[in-house]
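Numbering of the sequence shown is given in my numbering, commencing with residue 14 and proceeding in unit increments.
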Amino acid sequence: MARQILLDAIKACEGRTALDLGAGGGIDSLFMAESGFNVTAVDISSEHCNRIKAYNHPNIEVVCCDIRNYEFEGRFDLINCSFVLHYLKDDARGFLANIRENTAKSGLNIVKVLLGHGYYGHQTGFLLPGEIQQVYANWEILHYSEAFKPLRYKSSMTTGKQLAAFMLAKKS
Ligand SMILES: C[S@@+](CC[C@H](N)C(=O)[O-])C[C@H]1O[C@@H](n2cnc3c(N)ncnc32)[C@H](O)[C@@H]1O
14 MARQILLDAI
24 KACEGRTALD
34 LGAGGGIDSL
44 FMAESGFNVT
54 AVDISSEHCN
64 RIKAYNHPNI
74 EVVCCDIRNY
84 EFEGRFDLIN
94 CSFVLHYLKD
104 DARGFLANIR
114 ENTAKSGLNI
124 VKVLLGHGYY
134 GHQTGFLLPG
144 EIQQVYANWE
154 ILHYSEAFKP
164 LRYKSSMTTG
174 KQLAAFMLAK
184 KS
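Below, the structure is given as structure tokens:
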């Protein structure tokens with residue numbers, strides 16, 4: 014489902030600039046670049062940033078920083094914010110406002126985020142079930158679902174399930 018949302022976003026997007034926040038190993042960035050987007054990939058991990066740089070793709074610019082410190086220069090047609098918001102804890106809500114503001118007219122946001130229900134249910138700072146939909150209430154929601162995502166921790170050898178939200182929305 015996660016990949017289908019990206020495919021749908023690429024298909025529906027009218028512009029060609031994309032921002033991948035918390036880009037990880039850059040799979041989504043690469044996919045968007047190969048689909049004709051000019052991509053800015055942002056990640057806090059220098060290891061991940063170097064991995065994306067190693068693709069040496071002419072349409073991917075890599076910015077290695079905390080997404081909270083990323084300085085938006087212009088608005089993006091597609092912003093992908095996949096499984097990074099929960100790291101921001103209490104800053105996540107304010108950061109969502111930043112993403113929405115820096116999306117071009119008719120632009121798209123992909124938000125995939127772990128919610129405060131399940132394995133981490135006891136922790137504070139997570140977005141709650143249904144909350145993303147409310148935040149984007151004045152956008153056109155093209156997809157919204159919630160599903161349990163299996164988690165595995167190599168360090169503690171434990172596994173768990175965490176509720177996650179998957180959203181694709183278009184700015185009106
Ligand atoms: C679970 S991975 C998700 C990677 C990719 N977006 C995906 O969906 O497969 C989370 C990524 O967010 C990055 N990250 C965590 N906190 C961050 C922050 N404050 N600023 C930028 N990147 C961050 C991590 O380094 C990691 O690459």
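By construction, the Cβ of each residue, glycine as well, lies at the ideal position given by its N, Cα and C atoms. All of these numbers come straight from a predicted model, not from anything done at the bench.
Relative to ligand 1, Ala36 has its C-beta within less than 7 Å of a heavy atom. For Val124, the shortest C-beta to heavy atom distance toward ligand 1 is 7 Å or greater.
In the three-state DSSP reduction, Phe161 falls in the strand class (E or B). Here Ala178 is actually not in contact with Ile154; their C-beta atoms are around 11 Å apart, not less than 8 Å.
In this structure, the C-beta of Arg81 approaches ligand 1 to less than 7 Å from one of its heavy atoms.
Residue range 59 to 66 is occupied by the alpha helix (DSSP H) that includes Lys66. With a cutoff of 8 Å on beta-carbon distance, Phe89 and Ala31 are scored as near each other. With respect to Leu34, Ile92 sits close: the two C-beta atoms are nearer than 8 Å.
It is roughly 10 Å from the alpha-carbon of Cys77 to the alpha-carbon of Ile65. For Phe179, the enclosing beta strand (DSSP E) has its first and last residue at 171 to 183. Within the stretch 77 to 134, the runs of beta strand (DSSP E) at least 3 residues long that lie entirely inside it are, in chain order, 89 to 95, 116 to 131. DSSP places Ala31 in the uninterrupted beta strand (DSSP E) bounded by 30 to 34. In this chain, the beta strand (DSSP E) harbouring Ala54 covers 51 to 56.
Residue environment: Met170 is assigned as exposed (fewer than 16 neighbouring CB atoms within 10 Å of its CB, all protein chains considered). Relative to Phe50, the option among Glu74, Asp79, Pro142 whose CA is nearest is Glu74.
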